[in-house]
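Below is one structure, written out as structure tokens; the observations come after it.
2 protein chains.
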Amino acid sequence: MSQYAFGVDIGGTTVKLGLFDVEGALLDKWEIPTRKENKGQEILPDVAKSILQKMEDNKISQSEVKGIGVGAPGAVDSEGTMVGGAVNLGWDVFNLPAALKNYIDVPVVAGNDANVAAFGEMWMGGGRGYKNMVAVTLGTGVGGGIIVDGRMLVGATGAGGEVGHIHLNDEETEACGCKNKGCLEQYASATGIVRLAKRRLAKDAKPSVLREGEISAKTVFDAVKAKDEVAIEIAEQFGDYLGRGLATIADVVNPEIFVIGGGVSKAGEILLDYVKPAFEKYVFYPCKGAKFALATLGNDAGIYGACAMVIQAGK
Amino acid sequence: MSQYAFGVDIGGTTVKLGLFDVEGALLDKWEIPTRKENKGQEILPDVAKSILQKMEDNKISQSEVKGIGVGAPGAVDSEGTMVGGAVNLGWDVFNLPAALKNYIDVPVVAGNDANVAAFGEMWMGGGRGYKNMVAVTLGTGVGGGIIVDGRMLVGATGAGGEVGHIHLNDEETEACGCKNKGCLEQYASATGIVRLAKRRLAKDAKPSVLREGEISAKTVFDAVKAKDEVAIEIAEQFGDYLGRGLATIADVVNPEIFVIGGGVSKAGEILLDYVKPAFEKYVFYPCKGAKFALATLGNDAGIYGACAMVIQAGK
Numbered sequence: 018m019s020q021y022a023f024g025v026d027i028g029g030t031t032v033k034l035g036l037f038d039v040e041g042a043l044l045d046k047w048e049i050p051t052r053k054e055n056k057g058q059e060i061l062p063d064v065a066k067s068i069l070q071k072m073e074d075n076k077i078s079q080s081e082v083k084g085i086g087v088g089a090p091g092a093v094d095s096e097g098t099m100v101g102g103a104v105n106l107g108w109d110v111f112n113l114p115a116a117l118k119n120y121i122d123v124p125v126v127a128g129n130d131a132n133v134a135a136f137g138e139m140w141m142g143g144g145r146g147y148k149n150m151v152a153v154t155l156g157t158g159v160g161g162g163i164i165v166d167g168r169m170l171v172g173a174t175g176a177g178g179e180v181g182h183i184h185l186n187d188e189e190t191e192a193c194g195c196k197n198k199g200c201l202e203q204y205a206s207a208t209g210i211v212r213l214a215k216r217r218l219a220k221d222a223k224p225s226v227l228r229e230g231e232i233s234a235k236t237v238f239d240a241v242k243a244k245d246e247v248a249i250e251i252a253e254q255f256g257d258y259l260g261r262g263l264a265t266i267a268d269v270v271n272p273e274i275f276v277i278g279g280g281v282s283k284a285g286e287i288l289l290d291y292v293k294p295a296f297e298k299y300v301f302y303p304c305k306g307a308k309f310a311l312a313t314l315g316n317d318a319g320i321y322g323a324c325a326m327v328i329q330a331g332k
Numbered sequence: 018m019s020q021y022a023f024g025v026d027i028g029g030t031t032v033k034l035g036l037f038d039v040e041g042a043l044l045d046k047w048e049i050p051t052r053k054e055n056k057g058q059e060i061l062p063d064v065a066k067s068i069l070q071k072m073e074d075n076k077i078s079q080s081e082v083k084g085i086g087v088g089a090p091g092a093v094d095s096e097g098t099m100v101g102g103a104v105n106l107g108w109d110v111f112n113l114p115a116a117l118k119n120y121i122d123v124p125v126v127a128g129n130d131a132n133v134a135a136f137g138e139m140w141m142g143g144g145r146g147y148k149n150m151v152a153v154t155l156g157t158g159v160g161g162g163i164i165v166d167g168r169m170l171v172g173a174t175g176a177g178g179e180v181g182h183i184h185l186n187d188e189e190t191e192a193c194g195c196k197n198k199g200c201l202e203q204y205a206s207a208t209g210i211v212r213l214a215k216r217r218l219a220k221d222a223k224p225s226v227l228r229e230g231e232i233s234a235k236t237v238f239d240a241v242k243a244k245d246e247v248a249i250e251i252a253e254q255f256g257d258y259l260g261r262g263l264a265t266i267a268d269v270v271n272p273e274i275f276v277i278g279g280g281v282s283k284a285g286e287i288l289l290d291y292v293k294p295a296f297e298k299y300v301f302y303p304c305k306g307a308k309f310a311l312a313t314l315g316n317d318a319g320i321y322g323a324c325a326m327v328i329q330a331g332k
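Going down the list, the protein sequences come from chains A and B.
The opening residue of the first sequence carries number 18 in my numbering; numbering runs sequentially from there.
The opening residue of the second sequence carries number 18 in my numbering; numbering runs sequentially from there.
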């Protein structure tokens, strides 16, 4: 009789929620604020209250709810325990499904938000139809999630698929946020592209539209589209680093497809034009030919993936 | 009523076979030659004949055999199809379980030999008790196998865990067997260590026992044990490359443990002394603290892993 599932994506500012049918159709979505006061103790009761309200509004009984899936920012093991807590939310170590079930008595599953978003992209987004997928999110940092044979790769400490800190460059002099030097994130994130751009512009005085105004990943790729030569050089550098990083990932997990998301991916297909040649250059030959796609679910990937976890858990 | 399982490890020269009980005790092991004539068409009938003979000798009926697991050299997908054939054996693309069942009517499962050996080390060897493991084999080349949550990571084309061709060094001038330059295998294999040693010895005239006689991975690590300063420098270089390669793998799949096998690992625990510091230096902090162990099953890892596949398939 279970006809519905809820997907929950807990972020630092808002919690996104989705009501789905068990075929994966998103029937309703909404947000509530993430109340971080009191060490984040209000967050799960707020989530439960919001879901119970939605059930009442839609005359959905508890027996009709297959479960609630939750994506949370932090390392989450395969039992749903926040093994390292969640600094952004004020959370210590605890088991999320057990805690949420104190407030609402339906099955609960939980995972790391990046892994859950990857799972969503496989279920209903850019990776639809594939079972071996790597999702890479190019935002302020570089995150990711890996799906192996249709299952999330969680890893020993919940850091599976956190590929932003693969070491790529021995010559790097600036430190990454993780304290190492030469991480993928230093070149392929939004801030990484700005860094590459500033370095390139400082090298000589070659004219470029990028010399006027503020530089961002968007202005760089807009300039590439306008055939700005300096911007093209920057995109080639970015593509070389990201392509090499993805080749390394492919050498390890041999995916069918890479799904690229995050703010930087808004540049569109042109981004892939710079990544694919470098990937093919560096990757071990049996792993050549992996497909590349852009993420399609945007900020809804988390609620989709959380719902997909509920549906998979029932199988 | 199934009390027995057979593990089969098909190599280029011999086929290793093992008779196990379903608790994983190895009751008997033996070898037959790998007959590669006639495009390798004799190999599977030979395997079936040898197993049927062993069953007759031990009065084991077909209903008492839970199944046969087979490790084969080449890319094998999750259905047991040799997706790229097996050049060493003369095999084209075909489904191995279906083919073997033409000669012996019991359940058959198959996997890539390196992945299967990794699975064996997790089941009864250096990785016993862990579910998230990376096995790395340092032999003539560098191979590997990855276990995620107790399952083999096969990958899109069966190349999952083939970590020898991770790119590590932009400055490398010599080509790897795969045609790229700067692969892990060029530094961490038996031949890679010899290359590192020759380069180091050519650099100056510093005295070393390695200047006499032939150099091998064994002579290098024997000299390290004898506190030869040049050998120690070579081991540090080797450890830096391998530690960095393993850090990269950990950044992707976040294992609980690395199990190091192959001929080079015969150097013993001292090898790990050179690898661990480099690993900890390069790895992303949530993946620090992964354990390291030496493989313990040696050449029997393949038959153990093949048997483990049978037992897992029945669950």
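Here a beta-carbon is modelled for each residue, glycine too, at the ideal position from N, C-alpha and C.
- Non-local C-beta neighbours of B/ASP245 in its own chain, meaning closer than 8 angstroms and more than five positions away in sequence, comprise SER225, VAL226, LEU227, ordered along the chain.
- Taking all protein chains in view, the Cβ of A/ALA115 is surrounded by fewer than 16 other Cβ atoms within 10 Å, so the residue is classified as exposed.
- Interface flag for A/VAL133 against chain B is unset, since no Cβ pair is found closer than 8 angstroms.
- Here A/ASN186 carries a coil assignment [DSSP, helix/strand/coil].
- Annotated three-state conformation of A/THR313 is coil, per DSSP.
- Residue contact check for A/LEU155 against chain B: no CB pair falls below 8 angstroms.
- Sequence-distant partners of B/CYS200 (beyond 5 residues in either direction) whose C-beta falls short of 6 angstroms from its own C-beta, in its chain, are HIS182, CYS193.
- Annotation: the continuous beta strand (DSSP E) that includes B/ASP26 extends over 21-27.
- Put simply, of A/VAL64, A/VAL126, A/GLY107 the residue whose alpha carbon is nearest the alpha carbon of A/LYS33 is A/VAL64.
- If the five residues before and after B/GLY158 are omitted, its C-beta is found closer than 6 angstroms to the C-beta atoms of GLY181, GLU202, SER206, all from its own chain and listed in chain order.
- In the DSSP assignment, B/ASP257 falls within the alpha helix (DSSP H) that extends over 246-270.
- ALA92, SER95, GLY101: these are the residues of the segment 78-110 of chain B whose beta carbon lies less than 8 angstroms from some beta carbon of chain A, given in chain order.
- Between A/LEU44 and A/CYS324, the alpha-carbon positions lie close to 12 angstroms from each other.
- Taking CB atoms only, A/VAL327 has no neighbour in chain B less than 8 angstroms away.
- When DSSP states are grouped into helix, strand and coil, B/PHE37 belongs to the strand group.
- Taking 8 angstroms as the threshold, the shortest C-beta distance from B/ASN316 to chain A does not fall below it.
- Counted as a single uninterrupted DSSP element, the beta strand (DSSP E) harbouring B/LYS83 occupies residues 82-89.
- Excluding residues up to 5 positions away in sequence, ASN112 lie with their Cβ nearer than 7 angstroms to the Cβ of A/GLU96 in the same chain.
- A direct Cα-Cα distance of roughly 10 angstroms separates A/GLY41 from A/PHE23.
- One finds VAL165, LEU170 in chain A with Cβ atoms closer than 7 angstroms to the Cβ of B/VAL165, taken in chain order.
- A straight line joining the alpha-carbon of B/ASP221 with that of B/ALA310 spans about 35 angstroms.
- The beta carbon of B/GLN254 sits closer than 6 angstroms to the beta carbons of LEU213 from its chain, once the five residues preceding and following it are set aside; these are given in chain order.
- Taking a contact as a CB-CB distance under 8 angstroms, the pair A/ALA173 and B/PRO272 counts as one, their CB atoms being some 6 angstroms apart.
- Per DSSP, B/ILE121 lies in no beta strand (DSSP E) segment and is marked neither H nor E.
- For B/ASP268, at least one C-beta of chain A is nearer than 8 angstroms to its own C-beta.
- Counting along the chain, A/GLY322 sits inside the alpha helix (DSSP H) bounded by residues 318-330.
- For B/LEU43, the uninterrupted beta strand (DSSP E) run begins and ends at 43-50, by DSSP.
- Think of a sphere of 8 angstroms around the beta carbon of B/GLU273: the chain A residues whose beta carbon falls inside it are ALA173, in chain order.
- The beta-carbon distance between A/VAL247 and A/LEU289, rounded to whole angstroms, is 21 angstroms. This is too long to meet the 8 angstroms contact definition.
- Taken atom to atom, the span from the alpha-carbon of B/SER78 to that of B/LYS118 is near 16 angstroms.
- Separation of B/LYS242 and B/GLY156 (C-alpha to C-alpha, rounded to the nearest whole angstrom) is 20 angstroms.
- Three or more beta-carbon pairs separated by less than 8 angstroms link the segment 119-136 of chain B to the segment 80-90 of chain B, which places the two stretches in contact.
- Proximity to B/HIS184 across B/TYR204, B/VAL171, B/VAL165, B/ASP166 peaks at B/TYR204, based on C-alpha coordinates.
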